[in-house]
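Encoded as C-alpha cells, the structure appears first; notes follow it.
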Amino acid sequence: MSEVPELTDQGFEPNPFGPHHDPIGSDPIDAGEQNPTEQPVLVQLLTPEGERVEHPDYSIDLSAEELQALYRDLALVRRVDVEATALQRQGELGIWASLLGQEAAQIGAGRALQPDDMAFPTYREHGVAWCRGIDPMSIIGLFRGVDSGAWDPIETKFNLYTIVIGAQTLHAVGYAMGMQRDGGQGACLAFFGDGATSQGDVNEAFIFAAVFDAPVVFFCQNNQYAISEPIEKQTRIPLYRRASGFGFPGIRVDGNDVLAVLAVTRRAMEAARSGQGPTLIEAYTYRMGAHTTSDDPSRYRLASE
Numbered sequence: 010m011s012e013v014p015e016l017t018d019q020g021f022e023p024n025p026f027g028p029h030h031d032p033i034g035s036d037p038i039d040a041g042e043q044n045p046t047e048q049p050v051l052v053q054l055l056t057p058e059g060e061r062v063e064h065p066d067y068s069i070d071l072s073a074e075e076l077q078a079l080y081r082d083l084a085l086v087r088r089v090d091v092e093a094t095a096l097q098r099q100g101e102l103g104i105w106a107s108l109l110g111q112e113a114a115q116i117g118a119g120r121a122l123q124p125d126d127m128a129f130p131t132y133r134e135h136g137v138a139w140c141r142g143i144d145p146m147s148i149i150g151l152f153r154g155v156d157s158g159a160w161d162p163i164e165t166k167f168n169l170y171t172i173v174i175g176a177q178t179l180h181a182v183g184y185a186m187g188m189q190r191d192g193g194q195g196a197c198l199a200f201f202g203d204g205a206t207s208q209g210d211v212n213e214a215f216i217f218a219a220v221f222d223a224p225v226v227f228f229c230q231n232n233q234y235a236i237s238e239p240i241e242k243q244t245r246i247p248l249y250r251r252a253s254g255f256g257f258p259g260i261r262v263d264g265n266d267v268l269a270v271l272a273v274t275r276r277a278m279e280a281a282r283s284g285q286g287p288t289l290i291e292a293y294t295y296r297m298g299a300h301t302t303s304d305d306p307s308r309y310r311l312a313s314e
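10 is the number of the first residue of the sequence shown in our numbering; add one for each residue after it.
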C-alpha cells in the first residue's frame with residue numbers, strides 16, 4: 010500500500026451561503042496575531058457559480074460517467090426527499106427528517122466509502138443510505154412505523170438510524186476499535202450535526218478515537234441550526250478547529266460541493282485505514298427546510314432565509 014499523505018486544513022476560499030457565519034472567524038489555536046474578520050479556510054473544487062477549480066491538497070479525477078452518476082445520486086435523493094415530505098403531509102408517514110440542502114454532503118461522503126467501511130448515521134442520512142444500497146422504501150417504512158429499519162447493518166455496512174443525538178459517534182469508535190484489533194482493512198464514518206457537538210457523547214468519542222488511534226472519521230454536517238438554535242449560539246470557534254484540542258486533524262469543506270466532499274472524505278478515510286487515526290470533517294452547508302416536518306422554522310428564522 011502506498012503511503013497516504015497527511016491531511017492538511019488548507020482550502021480554496023470561503024463560500025458563505027445562508028445567513029450565518031462563524032462568530033469568530035479567526036483561528037484561535039494558532040499563535041500570533043488574530044484577525045477577528047478573517048474567515049475560516051474552506052476546501053472547494055467548485056466555485057459558487059459551478060466552475061471547476063483545482064486544489065493543491067485535494068484533487069479528484071472523475072470520468073464523465075462518474076460525474077453523471079453523482080448528479081443522478083443528487084437528483085434521486087432529493088426526489089425521494091420531496092416525495093417523503095409530501096407523504097407525511099398526507100398522513101402516510103408519522104414524521105420525516107428532510108435532507109434538503111445536504112444532498113451534496115451526503116452523496117460525496119457516501120461515495121467515498123469502500124466495501125469494508127462502516128457508516129453510522131443519524132436519522133437524516135438518506136443520501137448515505139442510498140449510496141450503501143438501502144432501498145428508499147426501507148427508509149420510508151421506518152418513518153411510517155411499520156418496521157425498525159428493514160436492512161441488515163452487517164450486510165450493507167450501514168448501521169441503523171440513531172435518534173439519540175450524538176450516540177452513534179460512540180458506537181462508531183467502538184466498532185472502529187474492534188476492526189483495528191481484528192486486523193480489518195476498513196474504517197468507520199460517523200455522521201452527526203452541529204448541534205451534536207455540544208453533546209458529551211461526541212466529545213467522549215473524540216477522546217477515545219484520539220487516544221487509541223481508532224480508524225474513524227467524524228463527519229459533521231454543519232447546517233447552521235440545532236433545531237432552532239443558530240450556530241453562533243453553539244460555538245465560539247469553527248467546529249473543525251475543535252479537533253486540534255483532541256489531537257487529530259480537522260478540515261472544513263464546502264458541504265454544497267459534492268466533488269470537494271468526495272475528495273476530502275476519501276483522503277480522511279484512507280488516512281484512517283492506514284493507521285493515521287481519526288479526522289474531523291466539517292461539511293459547511295445550510296438546512297434549507299425545517300428540522301423535521303413537525304417543526305415550524307418561521308418561528309425562529311426570517312422569511313428572507
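Every residue, glycine too, gets a C-beta built ideally from N, C-alpha and C. Note that this is a predicted model, so its numbers are computed, not measured.
Subject >> Close-in-space but distant-in-sequence residues of the same chain around G284 (CB under 6 Å, 5 per side omitted) >> reply: Along the sequence shown, read from residue 1 onward, the residue named residue 284 stands at position 275. Nothing listed; no residue qualifies.
Original post:
If you run the structure through DSSP and keep just helix, strand and coil, what is L311?
Top reply: For this step, residue 311 is matched to residue 302 along the sequence shown. L311 falls in the coil class under three-state DSSP.
Original post:
Can you pull the DSSP bridge partners for R61?
Top reply: Position 52 of the sequence shown, counted from the first residue, corresponds to residue 61. The beta-bridge partner set that DSSP reports for R61 consists of L55.
**OP:** Check whether the Cβ atoms of V226 and A196 lie closer than 8 Å to each other.
**Re:** In the sequence shown, residue 226 corresponds to position 217, counting from 1. In the sequence shown, residue 196 corresponds to position 187, counting from 1. A196 sits close to V226, with the two beta carbons spaced by under 8 Å.
Original post:
What are the start and end residues of the alpha helix (DSSP H) that includes E291?
Top reply: Position 282 of the sequence shown, counted from the first residue, corresponds to residue 291. Per DSSP, E291 lies in no alpha helix (DSSP H); the unbroken beta strand (DSSP E) holding it starts and ends at 288-293.
**OP:** Could you tell me which residues DSSP pairs with D263 in its beta bridges?
**Re:** As a working note, residue 263 is residue 254 in the sequence shown. Paired residues: Y293.
Original post:
In chain order, what residues of the same chain have a beta carbon less than 7 Å from the beta carbon of I38, not counting five sequence neighbours either side?
Top reply: If you number the sequence shown from 1, residue 38 lands on position 29. The pLDDT assigned to I38 is 31, lower than 50, so where the model puts this residue is not dependable; a value taken from the coordinates is nonetheless given after this. The answer, listed in chain order, is R250, S253.
Subject >> Beta-carbon proximity check, A269 vs Q53, cutoff 8 Å >> reply: As a position in the sequence shown, residue 269 is number 260, starting the count at 1. As a position in the sequence shown, residue 53 is number 44, starting the count at 1. The criterion of a C-beta distance shorter than 8 Å is satisfied by A269 and Q53.
**OP:** Going by DSSP, name the residue or residues bridged to P49.
**Re:** Translated into positions along the sequence shown, residue 49 becomes position 40. Paired residues: none, contrary to the question.
Subject >> Option nearest D156 by Cα separation, candidates E164, I163, T165, L169 >> reply: Here residue 156 refers to the residue found at position 147 when the sequence shown is read from its first residue. Out of E164, I163, T165, L169, L169 has the C-alpha closest to the C-alpha of D156.
Original post:
Considering N231, what are the terminal residues of the beta strand (DSSP E) in which it resides?
Top reply: Along the sequence shown, one-based indexing puts residue 231 at 222. Per DSSP, the continuous beta strand (DSSP E) segment holding N231 begins and ends at 225-231.
Subject >> Bounding residues of the beta strand (DSSP E) (the contiguous stretch that carries L198) >> reply: As a first step, residue 198 must be located in the sequence shown, where it is residue number 189. First-last of the beta strand (DSSP E) with L198: 197-202.
**OP:** Apply the 10 Å Cβ neighbour rule to I174 and answer buried if 16 or more other Cβ atoms are within range, or exposed otherwise.
**Re:** By 1-based counting over the sequence shown, the position of residue 174 is 165. Classification of I174: buried, given that the 10 Å Cβ count is 16 or more.
Subject >> For A93, three-class secondary structure by DSSP >> reply: As a first step, residue 93 is located in the sequence shown; it is residue number 84 there, counting from the start. Correct three-state label for A93: helix.
Original post:
Exposed or buried, what is V273 when buried is set at 16 or more other beta-carbons lying within 10 Å of its beta-carbon?
Top reply: For the purposes of this step, residue 273 is identified with residue 264 of the sequence shown, where counting begins at 1. Its Cβ being crowded by 16 or more others within 10 Å, V273 is buried.
**OP:** Report yes or no: do the stretch 111-120 and the stretch 80-96 share at least 3 C-beta pairs separated by less than 8 Å?
**Re:** yes
Original post:
Of the choices Y184, H64, P145, P239, whose alpha-carbon is the least far from that of Y295?
Top reply: Residue numbering aside, residue 295 sits at position 286 when the sequence shown is read from its first letter. Residue P239 is the option with its Cα nearest to Y295.
**OP:** Have a look at F228 and A199 and give me their C-alpha separation to the nearest angstrom.
**Re:** Along the sequence shown, read from residue 1 onward, the residue named residue 228 stands at position 219. Along the sequence shown, read from residue 1 onward, the residue named residue 199 stands at position 190. Pairing F228 with A199, the inter-Cα distance amounts to about 6 Å.
Original post:
Per DSSP, P239 is paired with what?
Top reply: Working through the sequence shown from its first residue, we reach residue 239 at position 230. Answer is Y234.
**OP:** Assuming V267 contacts G117 (C-beta within less than 8 Å), just tell me the rounded distance between them.
**Re:** What you label residue 267 is simply residue 258 of the sequence shown in a count that begins at 1. What you label residue 117 is simply residue 108 of the sequence shown in a count that begins at 1. Yes, they are in contact, since the Cβ atoms of V267 and G117 sit about 4 Å apart, within 8 Å.
**OP:** Counting only the same chain and skipping the five closest in sequence on each side, list residues whose C-beta sits under 7 Å from that of D210.
**Re:** Reading the sequence shown from its first residue, position 201 is the one you call residue 210. The residues are G175, A176, T178, L179.
Original post:
When we look at the beta-carbon of P242 and count the other beta-carbons within 10 Å, is it buried (16 or more) or exposed?
Top reply: Stepping through the sequence shown from its first residue, residue 242 is reached at position 233. Sequence check: residue 242 is Lys here, not Pro. So K242 counts as exposed.
Original post:
What do you get for V91, buried or exposed, if any count of 16 or more other CB atoms within 10 angstroms of its CB means buried?
Top reply: Indexing the sequence shown from 1 puts residue 91 at position 82. Exposed is the call here.
Subject >> I290 vs F255 beta-carbon contact at 8 Å >> reply: Locating residue 290 in the sequence shown gives position 281, where the first residue counts as 1. Locating residue 255 in the sequence shown gives position 246, where the first residue counts as 1. Not in contact: I290 and F255 (Cβ atoms no closer than 8 Å).
**OP:** With DSSP as the reference, please indicate the residues paired to M188 in a beta bridge.
**Re:** One-based indexing of the sequence shown puts residue 188 at position 179. In DSSP, M188 forms no bridge with anything.
**OP:** May I ask you to report which of helix, strand or coil DSSP gives A181?
**Re:** Here residue 181 is taken as the residue at index 172 of the sequence shown, counted from 1. For A181, the secondary structure class from DSSP, reduced to helix, strand or coil, is helix.
**OP:** Identify every residue that forms a DSSP beta bridge with A346.
**Re:** Absent from the structure is residue 346, since the part of the chain shown begins at 10 and ends at 314.
Subject >> Cβ neighbour criterion (16 or more within 10 Å) applied to A40 >> reply: Residue 40 sits at position 31 when you count from the first residue of the sequence shown. Residue confidence is low: A40 scores 30 on pLDDT, short of 50, so the model does not pin down where it sits. Its coordinate-derived value is still stated next. Exposed, because fewer than 16 other Cβ atoms sit within 10 Å of the Cβ of A40.
Original post:
If you count every other CB in all the chains shown that lies within 10 Å of the CB of L271, and 16 or more means buried, which is it?
Top reply: For this step, residue 271 is matched to residue 262 along the sequence shown. L271 should be labelled buried.
Subject >> Residue span of the alpha helix (DSSP H) that contains F152, given as start and end >> reply: The residue you call residue 152 lines up with position 143 of the sequence shown. 145-153 is the extent of the alpha helix (DSSP H) around F152.
Original post:
Can you name, in chain order, every residue of its own chain whose Cβ lies under 7 Å from the Cβ of D31, other than the five neighbours on each side?
Top reply: The count along the sequence shown starts at 1 and reaches residue 31 at position 22. With a pLDDT of 40 at D31, under the threshold of 50, the modelled position of that residue is not reliable, and the figure given next carries that caveat. These residues qualify, in order along the chain: P49, P247.
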